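*Asks:* Could you have a look at this structure, given as structure tokens, before my questions?
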Amino acid sequence: MTDREKTQGTPLTPGGDRRAFLKLAAAAGPAALAAACGWDGGNALRPRLVDVGRLNDWVGEHLLYSPTRLARTYGAADRSPALPSYFISAMTPTLADPAAWRLRVDGLVAHPLELSAADLLAMPRTSYTVKHHCVEGWSAIASWHGVPVSAIVERCRPLPAARYINFVSFDAGYSNGWDLASAMHPQTILAYGMNDHPLPAEHGAPVRVYSPVKLGYKLTKYLVSMTFTARRPGGYWEDQGYPWFGGL
Amino acid sequence: MTSPRPLVHRHHWLVRLTHWGTVLALAGMIASGLQIYEAYARFGNRGGALLPSPFNGTQFPAWGRLGGWLAGALNWHFALAWPLVIFGIAYLAYLVGSGEWRALLFRPRDLPGAIAMQAYYLRLSREHPPQGKHNPLQKLAYTFILGLGALSVLTGFAIYRPVQLSWLTALFGGFQAARYWHFWAVWIFIGFTLVHVALVLLVDPHSLRAMITGWYRGRFPSP
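So this is what it looks like as structure tokens:
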């Protein structure tokens, strides 16, 4: 390490101010070192980066989120030809008996619910065409329709202590913790349809979370339950280091 | 021969701190940014037209990347954004508060001097034109790089919150276009740094000491 630091600056010395160059080398050394070899910060720095991530989550939740600002909507003609679909299981997760599927709504609520697909279809319906943003950097436009999460909240009546929702999937233990405010956004829905058709299996059938105010990895597919909690639930990718808030 | 050059105190500690702090933070931002880029190494919606770029599908060498994988790189990027912005704001506040912006900001009246300097660099005139702390070309370069810094921060926010800051994202032509400008700013920063370091070493090596200790004893004595 120190050898690397020393060799960083000295060969450049033009004969003038040697001491200044050694000082520059001392400054440049750690930067070059930090940039070396796809390093991730190691066991010493990684937890500190997570701490800053918590701060950024707080900023995202409290300073950079408006509960009323709507994402721009597009026309059906703007739809992208395809939207990549990711899941954790080796094969597309499917239900053995789709008719038996129920969405469990529980945790810190006055009225726990068990909703069938028919129950969701009978509830208020929201549809829109919006841009999907993946944390990887790609984006694509698609249409979605389903029940606003706010309509579920109206029925189950969360207790005052409830601050988060843990959305759980039947895809290999995948889940996402959400702040209640983002879940209550008018464009956050439990989607049962995409591009005017029932939700395809690769996009989370029978029901997935969808919202244009969160990155794709926050949009739980293959939904089986939503649990209201007082403590912040983690999530599949969030626990591995991806930003928890994931807002857009 | 000639009398020894005067020793002048040139750079306030805040300028030196923010200068070197920015070097470190920006190096980390660029390296983590190149790791982030790898996850979707092109610019354009899925299945749509791509913006022209020679780096479509490019994976940059491991020594130039920081974070190990996408999540690690994002955490570095969003952590280093804090010192970068704080150094930037502190520096701008110093420029305004000290009045030193007058010596640094390129203004239309600097244009003739800039042409004279260019003539010197192109060896069209032999004498280095007289100058104060910074010559007009330096002013142009430093003003430009401050603008580039602002562009990088703003395009960064446009990518970070394309819904909450949709007006900003739209200003840069949308999410993918904002990614595009954010990415190109990197190469301009790298190009600027190479030229900047070369000129320091070739033209006025004493200015390097001044940026470290604050004290300057070179050919252009001016506090």
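Protein chains in written order, with the numbering used here: chain A, 1 to 248; chain B, 249 to 471.
By construction, the Cβ of each residue, glycine as well, lies at the ideal position given by its N, Cα and C atoms.
Quick caveat, the model's predicted, so the values are computed rather than measured.
So, is the C-beta of A:Asp40 closer than 8 Å to a C-beta in chain B?
*Replies:* The residue you call residue 40 of chain A lines up with position 40 of the first sequence. Interface residue, yes.
*Asks:* In chain A, which residues lie less than 8 Å from B:Phe326 when you measure between Cβ atoms?
*Replies:* On the second sequence, residue 326 of chain B is found 78 positions in, with the first residue counted as 1. Those within 8 Å of B:Phe326 in chain A are Val52, Gly53, Asn56 and Pro243.
*Asks:* Drop a sphere of 10 angstroms on the beta-carbon of A:Asp97, count the other beta-carbons inside from all chains shown, and report buried for 16 or more, exposed for fewer.
*Replies:* If you number the first sequence from 1, residue 97 of chain A lands on position 97. Flag for A:Asp97 reads exposed.
*Asks:* Using only CA atoms, which one of A:Asn195, A:Val130 and A:Gly146 lies nearest to A:Arg72?
*Replies:* Taking the first sequence and counting its residues from 1, one reaches residue 72 of chain A at position 72. Comparing Cα-Cα distances from A:Arg72 to each of A:Asn195, A:Val130 and A:Gly146, the minimum goes to A:Val130.
*Asks:* Going straight from the alpha carbon of B:Gly281 to that of B:Arg290, what length do you get?
*Replies:* Working through the second sequence from its first residue, we reach residue 281 of chain B at position 33. Working through the second sequence from its first residue, we reach residue 290 of chain B at position 42. Here the alpha carbons of B:Arg290 and B:Gly281 stand approximately 13 Å from one another.
*Asks:* Going along chain A in order, which residues have a C-beta closer than 9 Å to the C-beta of B:Ser414?
*Replies:* Walking along the second sequence from the start, residue 414 of chain B turns up at place 166. Under the 9 Å cutoff, chain A gives Arg69, Ala71 and Arg72.
*Asks:* Taking A:Gln240 and A:Val213 to be in contact with their CB atoms under 8 Å, please state how far apart those CB atoms are, rounded to whole angstroms.
*Replies:* In the first sequence, the residue the question calls residue 240 of chain A occupies position 240. In the first sequence, the residue the question calls residue 213 of chain A occupies position 213. Wrong, their Cβ atoms sit about 22 Å apart, outside the cutoff.
*Asks:* Could you check the C-alpha separation between A:Pro124 and B:Ala287 for me, to the nearest Å?
*Replies:* Looking up residue 124 of chain A in the first sequence gives position 124. Looking up residue 287 of chain B in the second sequence gives position 39. The straight-line gap from Cα to Cα measures roughly 37 Å.
*Asks:* Using a C-beta cutoff of 8 Å, does B:Leu318 count as contacting chain E?
*Replies:* Considering every chain present, this structure includes no chain E. Its protein chains are A and B.
*Asks:* Taking its Cβ as the centre, do 16 or more other Cβ atoms sit within 10 Å of A:Ala122, making it buried, or is it exposed?
*Replies:* For this step, residue 122 of chain A is matched to residue 122 along the first sequence. The residue in question, A:Ala122, is exposed, as its Cβ has fewer than 16 Cβ neighbours within 10 Å.
*Asks:* Tell me, please, whether the CB atom of A:Asp179 is closer than 8 Å to any CB atom in chain B?
*Replies:* Here the question's residue 179 of chain A lines up with position 179 in the first sequence. Not closer than 8 Å to any Cβ of chain B, the Cβ of A:Asp179 fails to qualify, so no.
*Asks:* Quick check on B:Asn323: does DSSP put it in helix, strand or coil?
*Replies:* Taking the first residue of the second sequence as 1, we reach residue 323 of chain B at position 75. B:Asn323 falls in the helix class under three-state DSSP.
*Asks:* Does the separation of the CB atoms of A:Gly107 and A:Ser175 fall below 8 Å?
*Replies:* Counting from one through the first sequence, the residue named residue 107 of chain A turns up at place 107. Counting from one through the first sequence, the residue named residue 175 of chain A turns up at place 175. For A:Gly107 and A:Ser175, no; Cβs fall outside 8 Å.
*Asks:* DSSP state of A:Val209, grouped into three classes?
*Replies:* Counting from 1 along the first sequence, the entry for residue 209 of chain A is found at position 209. DSSP places A:Val209 in strand when its eight states are reduced to three.
*Asks:* If we cut at 8 Å on Cβ distances, does B:Gln307 have a partner in chain A?
*Replies:* Here the question's residue 307 of chain B lines up with position 59 in the second sequence. No, B:Gln307 does not count as interfacial toward chain A.
*Asks:* Using a Cβ-Cβ distance under 8 Å, would A:Val209 count as near chain B?
*Replies:* On the first sequence, position 209 is the one that residue 209 of chain A refers to. Chain B, which has no Cβ nearer than 8 Å to the Cβ of A:Val209, makes this no.
*Asks:* I'd like to know whether the C-beta atoms of B:Tyr390 and B:Leu352 end up nearer to each other than 8 Å.
*Replies:* Looking up residue 390 of chain B in the second sequence gives position 142. Looking up residue 352 of chain B in the second sequence gives position 104. It is a contact, given that the beta carbons lie within the stated cut-off.
*Asks:* For B:Ile337, is the classification buried or exposed, using 16 other Cβ atoms within 10 angstroms of its Cβ as the cut-off for buried?
*Replies:* Position 89 of the second sequence holds residue 337 of chain B. The residue in question, B:Ile337, is exposed, as its Cβ has fewer than 16 Cβ neighbours within 10 Å.
*Asks:* In or out: B:Gln412 buried (at least 16 other Cβ within 10 Å) or exposed?
*Replies:* Locating residue 412 of chain B in the second sequence gives position 164, counting from the first residue. The residue is buried, with at least 16 neighbouring Cβ atoms inside 10 Å.
*Asks:* In the DSSP output, what is A:Thr229 paired with across the bridge?
*Replies:* Here residue 229 of chain A is taken as the residue at index 229 of the first sequence, counted from 1. Beta-bridge pairing links A:Thr229 to A:Tyr164.
*Asks:* Should A:Ala35 be flagged as near chain B, meaning a C-beta pair shorter than 8 Å?
*Replies:* Residue numbering aside, residue 35 of chain A sits at position 35 when the first sequence is read from its first letter. Legend: pLDDT at A:Ala35 = 48, less than 50; position of this residue unreliable, value from coordinates given subsequently. At least one chain B Cβ lies under 8 Å of A:Ala35.
*Asks:* Around the Cβ of A:Thr126, are there at least 16 other Cβ atoms within 10 angstroms (buried) or fewer (exposed)?
*Replies:* Looking up residue 126 of chain A in the first sequence gives position 126. Label assigned to A:Thr126: buried.
*Asks:* Any C-beta of chain A sitting closer than 8 Å to the C-beta of B:Gly397?
*Replies:* If you number the second sequence from 1, residue 397 of chain B lands on position 149. For B:Gly397, the answer is no, since every Cβ of chain A falls outside 8 Å of its Cβ.
*Asks:* Can you give me the C-alpha to C-alpha distance between A:Leu180 and A:Tyr192, rounded to a whole angstrom?
*Replies:* Counting from one through the first sequence, the residue named residue 180 of chain A turns up at place 180. Counting from one through the first sequence, the residue named residue 192 of chain A turns up at place 192. Going by the C-alpha atoms only, they are around 21 Å apart.
*Asks:* Grab the span of the beta strand (DSSP E) containing A:Met194 for me, first residue to last.
*Replies:* Walking along the first sequence from the start, residue 194 of chain A turns up at place 194. Start and end: Ile189 to Met194.
*Asks:* In whole angstroms, give me the CA-to-CA distance for B:Ile436 and A:His133.
*Replies:* What you label residue 436 of chain B is simply residue 188 of the second sequence in a count that begins at 1. What you label residue 133 of chain A is simply residue 133 of the first sequence in a count that begins at 1. Going from the Cα of B:Ile436 to the Cα of A:His133 covers about 27 Å.
*Asks:* Using the Cα positions of A:Gln8 and B:His430, report the straight-line distance between them to the nearest angstrom.
*Replies:* In the first sequence, the residue the question calls residue 8 of chain A occupies position 8. In the second sequence, the residue the question calls residue 430 of chain B occupies position 182. For A:Gln8, the pLDDT reaches just 32, beneath the cut-off of 50, and the residue's location in the model is therefore unreliable, although a value from the coordinates is still provided. Roughly 28 Å separates the two Cα atoms.
*Asks:* Counting only Cβ pairs nearer than 8 Å, list the residues of chain A close to B:Arg294.
*Replies:* Counted from its first residue, the second sequence places residue 294 of chain B at position 46. Simply Ser80, Pro81, Ala82, Leu83, Pro84, Trp138, Ser139 and Ala140.
*Asks:* Let's test the definition: count the other Cβ atoms within 10 Å of the Cβ of B:Val443 and tell me whether it reaches 16, buried, or not, exposed.
*Replies:* The residue you call residue 443 of chain B lines up with position 195 of the second sequence. Flag for B:Val443 reads exposed.
*Asks:* Assign B:Trp463 to one of three DSSP states: helix, strand, or coil.
*Replies:* Position 215 of the second sequence, counted from the start, is the residue given in the question as residue 463 of chain B. Strand.
*Asks:* What's the C-alpha gap between A:Tyr222 and A:Ala99?
*Replies:* Numbered from 1 along the first sequence, position 222 holds the residue referred to as residue 222 of chain A. Numbered from 1 along the first sequence, position 99 holds the residue referred to as residue 99 of chain A. Between A:Tyr222 and A:Ala99, the C-alpha separation is close to 14 Å.
*Asks:* Ordered along the chain, which non-local residues of its own chain (more than five positions away) have a Cβ less than 6 Å from that of A:Trp144?
*Replies:* Position 144 of the first sequence, counting from 1, holds the residue named residue 144 of chain A. Closer than 6 Å at Cβ, skipping near neighbours: Ala191, Met194 and Tyr210.
*Asks:* Quick one, which residues of the region 106-132 of chain A are near chain B if we go by CB-CB under 8 Å, in chain order?
*Replies:* Taking 8 Å as the Cβ-Cβ cut-off, the region 106-132 of chain A approaches chain B at Lys131, given in chain order.
*Asks:* So the candidates are B:Leu372, B:Leu447, B:Gly439 and B:Leu322; which of them puts its Cα closest to the Cα of B:Gln229?
*Replies:* Outside the modelled stretch of chain B, which goes from 249 to 471, sits residue 229 of chain B, for which no answer is possible.
*Asks:* Beta carbon of B:Tyr369, beta carbon of B:Pro377: below 8 Å?
*Replies:* Here residue 369 of chain B corresponds to residue number 121 of the second sequence, with the count starting at 1. Here residue 377 of chain B corresponds to residue number 129 of the second sequence, with the count starting at 1. No, these two residues do not count as a Cβ contact at 8 Å.
*Asks:* What residues in its chain sit with their C-beta under 6 Å from that of A:Lys150, if we drop five residues either side in the sequence?
*Replies:* Position 150 of the first sequence, counted from the first residue, corresponds to residue 150 of chain A. It is worth fixing the name first, because residue 150 of chain A is Ser in this sequence and not Lys. Excluding sequence neighbours, A:Ser150 sits near Met184.
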